[in-house]
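A short worksheet on the structure shown next.
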Amino acid sequence: ADQLSATVISVNDDHPVALEMWVRAPMAARNFRAGQFFRMQTFETKSPLVENTRLQLPLQTISGAGVRGDMVRLMLLKWGANARLAAMLKAGDPLVLMGPTGAAMDVHDGKTYLVVSGTWGAAVMLGLGPVLRSAGNRVVYVAAYGERSQIYCKQELEAATDVIIWAVAKGEPIEIARPQDASVVTSDMIGLIRDYAAGAVGPENPLLRVPMSDVDEILVMGSTGLLKGMQSAFKTDFASLFNEHVKVNGTVGSPMQCMLKGVCGQCLQWQIDPDSGERTRAVFSCSMQDQPLMWIDLDNLKARQGQSRLSEYLTSLWVDHVLSLPDAVDRTATPGRA
Numbered sequence: 003a004d005q006l007s008a009t010v011i012s013v014n015d016d017h018p019v020a021l022e023m024w025v026r027a028p029m030a031a032r033n034f035r036a037g038q039f040f041r042m043q044t045f046e047t048k049s050p051l052v053e054n055t056r057l058q059l060p061l062q063t064i065s066g067a068g069v070r071g072d073m074v075r076l077m078l079l080k081w082g083a084n085a086r087l088a089a090m091l092k093a094g095d096p097l098v099l100m101g102p103t104g105a106a107m108d109v110h111d112g113k114t115y116l117v118v119s120g121t122w123g124a125a126v127m128l129g130l131g132p133v134l135r136s137a138g139n140r141v142v143y144v145a146a147y148g149e150r151s152q153i154y155c156k157q158e159l160e161a162a163t164d165v166i167i168w169a170v171a172k173g174e175p176i177e178i179a180r181p182q183d184a185s186v187v188t189s190d191m192i193g194l195i196r197d198y199a200a201g202a203v204g205p206e207n208p209l210l211r212v213p214m215s216d217v218d219e220i221l222v223m224g225s226t227g228l229l230k231g232m233q234s235a236f237k238t239d240f241a242s243l244f245n246e247h248v249k250v251n252g253t254v255g256s257p258m259q260c261m262l263k264g265v266c267g268q269c270l271q272w273q274i275d276p277d278s279g280e281r282t283r284a285v286f287s288c289s290m291q292d293q294p295l296m297w298i299d300l301d302n303l304k305a306r307q308g309q310s311r312l313s314e315y316l317t318s319l320w321v322d323h324v325l326s327l328p329d330a331v332d333r334t335a336t337p338g339r340a
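Numbered per my numbering, the sequence shown spans residues 3 to 340.
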């Protein structure tokens with residue numbers, strides 16, 4: 003029971019866009035590998051009842067950001083109702099933490115990795131980057147944010163990478179702390195990679211640059227817009243930028259429910275023939291979240307991601323109302339169903 007139980011150790015709500023949790027879960031910590039994730043819930047009987055609403059954290063896909071002893075580090079972006087409910091957790095609270103699930107990153111050695119991601123991907127990089135580097139790889143990270151205030155764990159990200167190309171869509175650029183890094187204001191990741199490869203962005207000293215022709219593997223973690231842009235670029239701008247043997251994967255952030263790899267079917271995602279564009283097969287993305295980029299049916303993924311948007315928005319509004327009530331989070335939990 004002790005090995006399988008999960009207990010909150012600490013909750014850090016100080017990051018501007020991410021909630022950091024340390025959870026004691028011995029078996030989960032022992033089995034976690036970089037790139038995997040978890041399915042987290044809170045117990046109904048331990049959740050307070052306010053305004054006839056059980057403030058229970060429903061199932062939530064949550065990124066694993068590393069382990070320390072028998073503890074797992076979890077990062078949850080502060081979007082929607084779930085993060086606000088998770089912020090109410092206290093040390094000693096029990097959790098349901100299923101996993102690790104998903105496919106671990108296939109880590110080689112002596113290679114050059116390029117990771118392109120948005121705000122969510124930074125949480126994954128906290129666990130993935132150190133593993134890649136400790137295996138003797140070189141890690142180049144293109145970190146895209148809406149604005150500078152969204153960055154979190156900056157020093158950790160620098161320690162987890164060899165080179166970072168910081169990008170914000172608007173406002174002041176992110177300050178760089180290392181001579182090999184770069185920082186720009188742009189929302190065009192395709193153009194940014196192309197400019198870095200051409201020497202228009204980044205350090206002037208060529209010895210501090212990583213040639214894009216050296217890149218062996220690319221992982222893209224972001225919106226369907228970013229994934230689609232990268233798909234198109236590999237047919238045009240990037241066709242001669244990278245070597246012909248480069249391996250390119252994209253992370254499929256499809257809706258998930260059971261996350262048990264083949265039970266509920268909620269995460270089914272179409273793959274396509276990259277030449278014809280025709281659908282070939284449906285796969286369980288909770289067992290294969292990182293898929294060959296050119297195989298991903300992004301129109302299908304975008305539609306799947308939008309199917310619950312209305313209910314999520316309404317839930318967020320209701321949780322805002324409930325938590326605004328006087329002493330809402332201090333009320334005693336009431337057994338039974340709401």
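We treat Cβ as the ideally placed atom computed from N, Cα and C, and that holds for glycine.
Just so you know, these numbers come straight off a predicted model, no measurement behind them.
Legend entry - Stretch pair the region 78-86 + the region 137-146: three plus CB contacts closer than 8 Å: no
| Hey, how far is the Cα of residue 43 from the Cα of residue 298? | Indexing the sequence shown from 1 puts residue 43 at position 41. Indexing the sequence shown from 1 puts residue 298 at position 296. Straight-line Cα distance between these residues: approximately 29 Å.
Do three or more CB pairs link the region 114-122 to the region 32-52 at distances below 8 Å? no
In this structure, how does DSSP classify residue 143 when only helix, strand and coil are distinguished? Here residue 143 refers to the residue found at position 141 when the sequence shown is read from its first residue. Strand.
Spatial neighbours of residue 228 in its chain, beta-carbon cut-off 8 Å, leaving aside the 5 residues before and after:
Within the sequence shown, the letter at position 226 stands for residue 228. Closer than 8 Å at the Cβ level, and outside the excluded window around residue 228, lie 118, 120, 146, 191, 222.
Practice prompt. Less than 8 Å between the CB atoms is what I'm expecting for residue 10 and residue 23, so what's the real figure, rounded?
Written response: In the sequence shown, residue 10 corresponds to position 8, counting from 1. In the sequence shown, residue 23 corresponds to position 21, counting from 1. So it is a contact: roughly 7 Å between Cβ atoms.
task = Indicate the three-state DSSP secondary structure (helix, strand or coil) for residue 48 in the structure shown.
result = Translated into the one-based positions of the sequence shown, residue 48 becomes position 46. If DSSP states are grouped into helix, strand and coil, residue 48 belongs with the helices.
Taking DSSP as the reference, what is the three-state secondary structure of residue 221? The sequence position of residue 221 within the sequence shown is 219, counting from 1. Looking at residue 221 - three-state DSSP - the assignment turns out to be strand.
Euclidean distance between Cα positions of residue 256 and residue 306: For the purposes of this step, residue 256 is identified with residue 254 of the sequence shown, where counting begins at 1. For the purposes of this step, residue 306 is identified with residue 304 of the sequence shown, where counting begins at 1. Roughly 7 Å separates the two Cα atoms.
Is residue 269 buried or exposed, if buried means 16 or more other CB atoms sit within 10 Å of its CB? Here residue 269 refers to the residue found at position 267 of the sequence shown. By the neighbour-count rule (16 or more Cβ atoms within 10 Å), residue 269 is buried.
Would you list the residues sitting across from residue 14 in a DSSP beta bridge?
For the purposes of this step, residue 14 is identified with residue 12 of the sequence shown, where counting begins at 1. According to DSSP, residue 14 bridges with 22.
* Residue environment, residue 292, which counts as buried when at least 16 other CB atoms sit within 10 Å -> Position 290 of the sequence shown, counting from 1, holds the residue named residue 292. Buried, because 16 or more other Cβ atoms sit within 10 Å of the Cβ of residue 292.
Integer Cβ distance of residue 76 from residue 40, believed to fall under 8 Å: Locating residue 76 in the sequence shown gives position 74, where the first residue counts as 1. Locating residue 40 in the sequence shown gives position 38, where the first residue counts as 1. With 8 Å as the limit, residue 76 and residue 40 qualify as a contact, their Cβ atoms being about 7 Å apart.
Near residue 248, which residues of its chain fall below 8 Å by C-beta distance, leaving aside the five closest residues on each side in sequence?
Within the sequence shown, residue 248 is the residue found at index 246, counting from 1. Counting only Cβ-Cβ distances below 8 Å, and skipping sequence neighbours, we find 217, 218, 219, 220.
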